[in-house]
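Residue numbers (UniProt numbering): 1 to 884.
Note that the Cβ used here is the ideal one computed from N, Cα and C, for glycine as well.
Read the structure below first, then the notes.
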Ligand code: B3K
Ligand code: ZN
């Protein structure tokens, strides 16, 4: 067992810092294994902090302390206390003083990829959340904001490029082939936004003229052979800069904006001031190496990190419990940016799909936590879907409640009031309230209460009085530490449809004026509430929670006919798609029940086929949207509706339904496929992307048939593809069936792309997500493949993560082999990269959702991990909480 139980940190214990650090002057003498860091700090007492202020406590981990000087005087061991994670100086002066600390670190040994580390031949940093303390002793908390200068000294041939935050203010040559660069960041920032990069990098450069006419140099640094894959990222950056000016009135504030792409990176990207560090997968794209989805994600993530410059950097978080202050808001901003750049309806559906499957599962399991958590053991475990995606939904609800104009006033006020400060989620909501005059007191519960609210709507038509009575009830399941919940303030967007599909007026009883819009947002605040709509000549069909106006589970009893009607007629594109999802879920869950009763269901022409046929005969301007209408709900989504998840039955039922559709609608899928199978390599506009999305959805249906014809189509597309979207989509069809050329295609693909890491990642994922039997053995073989490396997070996610999170039928094999495999990998990762290990471990968290046998097998592996002698904080927290 673990020797010490790690500490829990509580929000309620927050106190302001005793000391403030005004300036930080860093001097790095870089070396792969022995880097020397000299840090000169200007420190003063915090006038806002109560208490005695005697001791100065700095954070530091895995550092070798060389020397400390206080106001120029050398300190000796008796003058300070050195712990594993801290350096305490009792008795520092009352007046402002200067502290100089020299430490040594070993970037090469740093496989956790936090602090200063080596990625291939490049040295780079990752400081959020608490990585700066692995570089030097510091008050490593976001409410200590300082001005930084950074001098980097390094060997010029190995590290010709030396980067840090802000502006380059001086450079020079030294003896022995060394050189130096000095950087100055004029803006105060918390330590987690510090960055340093050194390496042999090439750069794509461009310029951007801001709305006030200032010229900004834009640079993207990559390895030489990736220079031809940066154009899309550069264009995305310029789009993001313009969009933030136009939509939020935010202008960039430095003369230089740098992005560096790094191969070894724990997450997507990092918003360090003026020097973003990105996972290569969110920068590099060429039509033949990146899919349309990759192109969209790159634009989204480039936007996200850019938007952080205001929401995160200029205004940052007071403490890490406020993480959603920057992340929820910035995700909301990147979502809106992408919606404006692509298809709003499709973007919204993609977001909700992820939220409803993954975030809802998080909310329903033992790791459930509020958008603003109350405690943590390891903060890195709280970069979650709840903090990010649900956090963005909370911001979106505020916009819905106070209106777009009110929201813009609110953000203007927020930037004006809090620029340069470290603040709380509550400060943000207060700005929204002050700017709009809308009371958000009850709304604040969304930040503090965990769990997904359940909303039940019943509709009763009163023909005599031509009225519709709606009853809306809400409740929220208990979550860890929160047995009872108060009702939420829920914006419920609603529309009413006449039998011919036209929208009906939304006048509430007692109102004299007609309501002008087709969608009306109801304020749901109580556990039970009644709304009476009047002036309705016929019984309407209710279209509820339009646009997914709140992150809730909606229960509204609907007949198959009603769902089919909405699927054909709802003018709200989200609800129209969702009606199709509900309809398909019902059909698939029926099949699941029939399997459970030992029946072999006849897959006949059902209402689903009819509904699809109608959709297929329509005239659709947005082909991506049509592709979504034709996509069955995921196994994950269907499973969420089950009391006890049966992954085999869900998989079988979904495949059966898909095959039935393929059989009945073969001619239509074939026709659509041929119509849209045109060569548009290099085109990434909505039309070309829509064509590819649609035709590849059709190909996937045709692939179900395992016919000679389907084999011919998929292999033809695979071999002639000029975009990665087309190539990978056809290969997925080949891999998931019994195509005679499967092995040959996989080999061809590997040989062609072996020099492109990001493409080889896809090759791993494809094999790991194959739903056929034997996949686990193949995954184990791939662990030994020369291209696999447990030290590269992208590889781990693409093989182990893909298998455990996107291959339920194989991961949850009855014999528990999938669980044991995962635990073995986590044990290996625990010492190499705890952050990634903990993330992988969450695949075992929802064990209670499965049958007794699986529960036991999953729990056994969790216990095995929790009992490790040297379990990291990250893994320990996830394992213990999952078991609790
Ligand atoms: N802020 C970073 C995430 C850092 C994660 C640290 N474990 C990326 C982002 O959300 O933009
Ligand atoms: Zn972010």
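For residue 70, the first and last residue of its enclosing beta strand (DSSP E): 64-70
So, helix, strand or coil for residue 194, using DSSP? coil
Can you confirm whether the stretch 705-717 touches the stretch 276-294 when touching is taken to mean that 3 or more C-beta pairs between the two stretches lie within less than 8 Å? no
Does at least one heavy atom of the ligand B3K sit under 7 Å from the Cβ of residue 128? yes
Considering only residues of the stretch 785-856, which uninterrupted alpha helix (DSSP H) runs meet the minimum length of 4 residues and lie entirely inside it, listed in chain order? 793-796, 802-805, 808-811, 817-832 and 834-841
What number of angstroms, rounded off, separates the C-alpha of residue 360 from the C-alpha of residue 690? 28 Å
Report back the beta-carbon spacing between residue 11 and residue 382 to the nearest angstrom; my notes put them in contact at under 8 Å. Not really, about 11 Å apart at Cβ, beyond 8 Å.
Residues in its own chain within less than 6 Å of residue 62 by CB, not counting five upstream and five downstream? 134
Looking at the structure shown, is residue 266 part of a helix, part of a strand, or coil, going by DSSP? coil
Can you tell me the Cβ-Cβ gap for residue 875 and residue 826, rounded? I've got them flagged as a contact below 8 Å. 7 Å
So if DSSP puts residue 316 in a beta bridge, which residue, or which two residues, is it bridged to? 422
Are the Cβ atoms of residue 510 and residue 503 separated by less than 8 Å? no
Please list, in chain order, all residues of the same chain as residue 409 whose beta carbon is under 6 Å from its beta carbon, the five residues on each side excluded. 435
Return yes when at least one heavy atom of the ligand ZN lies under 7 Å from the C-beta of residue 384, else no. no
Which residues does DSSP list as the beta-bridge partners of residue 494? 520 and 544
Give the C-beta separation of residue 105 and residue 35 to the nearest angstrom, bearing in mind that I take them to be a contact with Cβ-Cβ under 8 Å. 5 Å
Count the other C-beta atoms from every protein chain shown that fall within 10 angstroms of the C-beta of residue 650, then say buried if there are 16 or more, exposed otherwise. buried
I need the straight-line Cα distance from residue 725 to residue 264, nearest angstrom please. 24 Å
Can you tell me where the alpha helix (DSSP H) with residue 712 in it begins and where it stops? 708-720
On the CB-based measure, 16 or more other CB atoms within 10 Å of its CB, does residue 459 come out buried or exposed? buried
Could you tell me the alpha carbon to alpha carbon distance between residue 338 and residue 682, rounded to whole angstroms? 20 Å
Should residue 269 be listed as close to the ligand B3K, given that the test is whether its C-beta is under 7 Å from any heavy atom? yes
Exposed or buried, what is residue 93 when buried is set at 16 or more other beta-carbons lying within 10 Å of its beta-carbon? exposed
Using CA coordinates, which residue listed in 113, 279 and 642 is at the minimum distance from residue 260? 279
Three-way DSSP call (helix, strand, coil) for residue 164 in this model: strand
Suppose the cutoff is 7 Å on Cβ atoms and the five residues either side in sequence are ignored; what does the same chain contact list for residue 128 look like? 192 and 270
Round the Cβ separation of residue 844 and residue 829 to the nearest angstrom and send it over; I've been treating them as touching at under 8 Å. In fact, because the Cβ distance is near 14 Å, the residues do not count as touching under 8 Å.
Rounded to whole angstroms, how far is the Cβ of residue 295 from the Cβ of residue 684, which I believe are closer than 8 Å? 5 Å
Pairwise C-alpha distance: residue 243 and residue 599: 56 Å
Taking the alpha carbon of residue 182 as the point to measure from, which residue in 195, 198 and 164 has its own alpha carbon closest? 164
Straight-line gap, residue 160 to residue 69 (C-alpha atoms, nearest Å): 32 Å
Which class does residue 107 belong to by DSSP, given the choice of helix, strand or coil? helix
The ligand ZN heavy atoms versus the CB of residue 308: any closer than 7 Å? yes
In three-state terms, what does DSSP make of residue 202? strand
Helix, strand or coil, according to DSSP, for residue 276 in the structure here? strand
Euclidean distance between Cα positions of residue 84 and residue 48: 29 Å
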